[in-house]
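Residue numbers (my numbering), protein chains in the order written: chain H, 1 to 220; chain W, 1001 to 1220. Even for Gly, the Cβ is constructed at its ideal location relative to N, Cα and C. Predicted model, so just to flag it, every value in this text is computed and none were measured.
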């Protein structure tokens, strides 16, 4: 059940999804070739956009260094920025006049309900940690007072940046929103907990391999 | 902030924590030797018991095949069962007259608040998925109608067992409760998100190693 989003709230914020299709997700190369990885990131992006739309957010920007794979994008606006991820996002935040939700494009387990809860925070900033120290979503009520620094232990960095700017934070605790798909073992989570096109794509190629430890992947 | 647990509710259920100290956590052997692993599981157990106590649950049983490491246990009752995990837990469930919360002993990021929320479910069964298809916590209101089957893809198995018995389920979505500590990469989550003695133990031996991908561990 998706709580009904007050359309006024969704209208007063915007979401930005950084995206790059070319040579995406190199850490999945042990199990998917480049063509497959590029197909797969496009499917994940589409699913993430649908989750954002489902949460009632009306302005969605895709921030990309290239139009590759975005030529026919109709669900969201495409903004080109050839800078690296942090430069591009910080330029975006500088220009934003309203609260901004930064959503990574590799979150196929994310639901509209997660997004509604994250953007309903009473704090200044809401951070969704990803595996291994990452930041999967970041909701910033006053983007003029916040700058991002992804890569490395970005979750801790983003907590510090908020604290240094005198902004209080909520840490949003979710296994599903916390599962970014970067490595082969993450595909296991998609097969177990996922739904939709991204799960279908992976389940046509792999099945779960059950042993005594954690479940693995094997080729179909 | 821990919501205050109605002591009546906590009194009407019990928690069981399966535990084995000897040769525990072999998958951590690349980074901790056997003596260290046995020390570490004892510290994690103590922290998990404190979370259960903090949630207001008054009856706590530790289910173990041996008294090793439990000789001086005062915070919980110790039940010996030399059967394997599933046999021992199913014998326990058969005899239970009240709702049972099964908590794995390797969840140092679990808080009392998680436990209060899990045991407040309106469904018959509440399941907390762990990484790689595991089941980290399982709350069963009517244990006479439920049997467990851990190992392998136990999360999916436990969902099916509930469905087959006509019991409805809640899936509790938490990054922190979903982080069981089995492999070296899990220690990264403990260093980033943890607190208390388990985090202190690991942070005396390792520090975070930051690179472009997920954060890793390096020796101090």
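Please confirm if residue i has its CB atom under 7 Å from at least one CB of chain H.
i: residue 1215/W; result: yes
i: residue 1120/W; result: no
i: residue 1153/W; result: yes
i: residue 1115/W; result: no
i: residue 1192/W; result: yes
i: residue 1133/W; result: yes
i: residue 1188/W; result: yes
Would you say residue i reaches chain W, if we count a Cβ-Cβ gap shorter than 7 Å as a contact?
i: residue 139/H; result: no
i: residue 208/H; result: yes
i: residue 110/H; result: no
i: residue 4/H; result: Confidence in residue 4/H is poor, its pLDDT being 46 and thus under 50, which makes the residue's placement too unreliable to answer from.
i: residue 66/H; result: no
i: residue 52/H; result: no
i: residue 173/H; result: yes
i: residue 176/H; result: yes
i: residue 202/H; result: no
Only counting the same chain, and skipping five residues up and downstream in sequence, which positions put a Cβ closer than 6 Å to that of residue i?
i: residue 141/H; result: 99, 124
i: residue 1075/W; result: 1049
i: residue 35/H; result: none
i: residue 196/H; result: 47
i: residue 79/H; result: 61, 63
i: residue 23/H; result: none
i: residue 1204/W; result: none
Would residue i and residue j be called neighbours here (beta carbons separated by less than 7 Å)?
i: residue 19/H; j: residue 85/H; result: no
i: residue 1048/W; j: residue 1102/W; result: no
i: residue 126/H; j: residue 139/H; result: yes
i: residue 1180/W; j: residue 1130/W; result: yes
i: residue 182/H; j: residue 1175/W; result: no
i: residue 1169/W; j: residue 1162/W; result: yes
i: residue 128/H; j: residue 198/H; result: no
i: residue 69/H; j: residue 21/H; result: yes
i: residue 1111/W; j: residue 1066/W; result: no
i: residue 59/H; j: residue 14/H; result: yes
i: residue 1118/W; j: residue 1137/W; result: yes
With a threshold of 7 Å on Cβ separation, who are the neighbours of residue i within its own chain once the five nearest residues in sequence on each side are excluded?
i: residue 1202/W; result: 1187, 1190, 1191
i: residue 73/H; result: 62
i: residue 3/H; result: Reliability fails at residue 3/H, whose pLDDT of 49 lies under 50, so the model's placement of it is uncertain and no value is given.
i: residue 1194/W; result: 1108, 1109
Kindly list the residues whose CB is nearer than 8 Å to the CB of residue i, restricted to its own chain and excluding five residues on each side of it in sequence; keep chain order.
i: residue 1012/W; result: 1098, 1099
i: residue 30/H; result: 184
i: residue 1146/W; result: 1093, 1125, 1140, 1161, 1162, 1165, 1167
i: residue 1209/W; result: 1215, 1216, 1217, 1218
i: residue 144/H; result: 93, 94, 96
i: residue 206/H; result: 31, 187, 191, 217, 218, 219, 220
Check the Cβ of residue i against every Cβ in chain C and list those closer than 7 Å, keeping chain order.
i: residue 27/H; result: Among the protein chains of the structure shown, namely H and W, there is no chain C.
* At least three beta-carbon pairs within less than 8 Å, the segment 1101-1108 of chain W to the segment 1034-1051 of chain W -> yes
* Identify every run of the alpha helix (DSSP H) within the segment 49-97 of chain H, keeping only runs that are complete inside it and at least 4 residues long; order them along the chain. => 85-95
* To do: Give a yes or no on contact between the segment 201-218 of chain H and the segment 1150-1163 of chain W, applying the rule of three or more CB pairs nearer than 8 Å.
  => yes
* List in chain order: all unbroken beta strand (DSSP E) runs of 3+ residues lying wholly within the segment 1142-1215 of chain W. => 1169-1171, 1206-1209
* Contained beta strand (DSSP E) runs [length at least 3] in the segment 1092-1141 of chain W, N- to C-terminal order -> 1100-1103, 1125-1129, 1135-1140
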